[in-house]
Structure formats: structure tokens, C-alpha cells
Amino acid sequence: MKNTAPTNTKSISRTDLLLLAQSFKGVGFASIVAITKPQQRKSPFGEISKKSNLLINWGNWSYSNALESQAKREGKEINFEIKPRRWGTRLANSPLVHHINKKGEEKYYIEAKVEKVYKTEYFAKETGKPLSREQVESFLYKKGESSTQEKLDKKIYLRDFSLDSIAIIVHDKTEYLLS
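Each residue of the sequence shown is one higher than the one before, starting from 0 at the first, in numbering that gives the first Met the number 0.
Put into C-alpha cells, the structure is as follows:
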């Protein structure tokens, strides 16, 4: 895997990030910092935000190929039944997913395979106060496991990151700071 340590830094807009993702060809790695709102119950902290620092594989990678490769590494022969996306449309030859939400708003997401989670932090959105995993876990809904992968020992994590949630992306030795 290539070294993703940045050698220069640029401030860019969400539109610039969209153009960067549209122009990206092939398969590659990037590090991102994403700030998201996990599904949650009402808590004494108000709205809980999650800050994730991740290594992702984005571009024209294939979920079905990733599953088959993982099964092969585990010495298993599995016929995977890949279900179609439940929302949005993956744009051809790009890591982007286009979606128009219930309010009629157009949104873009980067579809990526999570390779590594470097760090996860939680904080109260209103105050910015850091919160521990133990403080927030009883207020967060647990994500269900993929039935497609139930026979695999090591799971493949496919995630869609809203362009609005990405604060930093490091790609091709450039650190992009989103404004």
C-alpha cells in the first residue's frame, strides 16, 4: 500500500471535492476524517456527533470482488448474493453515489471500502465536549450485520460518506481541507 502521508495541503470547497471524486480513475487509497451524526436515541448530551479517521479504498473497486477475494483468503468457496443498492445511484467510473432525498435535495456520497479505522471520537455537537464511547454507546443504535457476509470471518465494510460529512481527505500525497 502506498504511503498516504501528505506533502502539501490545499483548502477546497465541497464542489471541488465533487470534481476531485468525479475525475478520480482506477482504485486507490485515501485517508479521510468524517464528522457524522450516528443514529441515536435522545441523550442527556443533546445531539451526539462522531468523528472518524479512516483509511479507505475508493474508486472503481468492486464489492463482489472484495467478498470473493476475502473468501479465497479464508479458504472458503461461497456464492454471494449481492443485493442492489437500496438508495442512490452509483455513478459509472467514479466512487460517487448520487441521491435525491425525500426533501428533493441532491446529495453526493463517496462509496468506499473501509480498510482501517485509525481513530473514532464522539462529542456533543452543541458544546463540542468530548464524550467517551462508554458514555454514548447506550444512546447509539447498533448497525446490523450484512447477511451477505455471514459466512466470512473477516467482514468487508462498505460505507457511503456524504461529501458534507468529510472534513479532510488525504489523497495522492495532498491533504485537502474542506471549507
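Built from N, CA and C at the ideal position, the CB exists for glycine as well.
None of these values were measured; they are calculated from a predicted model.
Write down the C-beta distance between Val26 and Ile167 rounded to the nearest angstrom, noting that I regard them as a contact closer than 8 Å. Contact flag wrong, Cβ pair sits at about 21 Å.
Per DSSP, the bridge partner or partners of Arg40: Looking at the DSSP output, Arg40 sits in no beta bridge, so it has no partner there.
CA nearest to the CA of Ile109, picked from Lys118, Lys115, His98 and Val116: When only C-alpha atoms are compared, the closest one is His98.
According to DSSP, is Glu174 helix, strand or coil? strand
Given that a residue counts as buried once 16 or more other Cβ atoms are within 10 Å of its Cβ, and exposed if not, what is Ser12? exposed
Quick check: is the beta carbon of Leu17 nearer than 9 Å to any beta carbon in chain B? Here there is only one protein chain, and chain B is not present.
Under the DSSP definition of a beta bridge, which residues are partnered with Val113? Beta-bridge annotation (DSSP): Val113 is paired with Ile55 and Tyr156.
If we ignore side chains and look at the alpha-carbon of each, how far apart do Leu19 and Leu53 end up? 18 Å
Report yes if the C-beta distance between Tyr175 and Leu16 is below 9 Å; otherwise report no. yes
Where does Lys1 land, buried or exposed, given buried means 16+ other C-beta within 10 angstroms? Since pLDDT at Lys1 reaches only 49, below the 50 mark, its modelled position is unreliable, and the value read off the structure follows with that caveat. Classification of Lys1: exposed, given that the 10 Å Cβ count is below 16.
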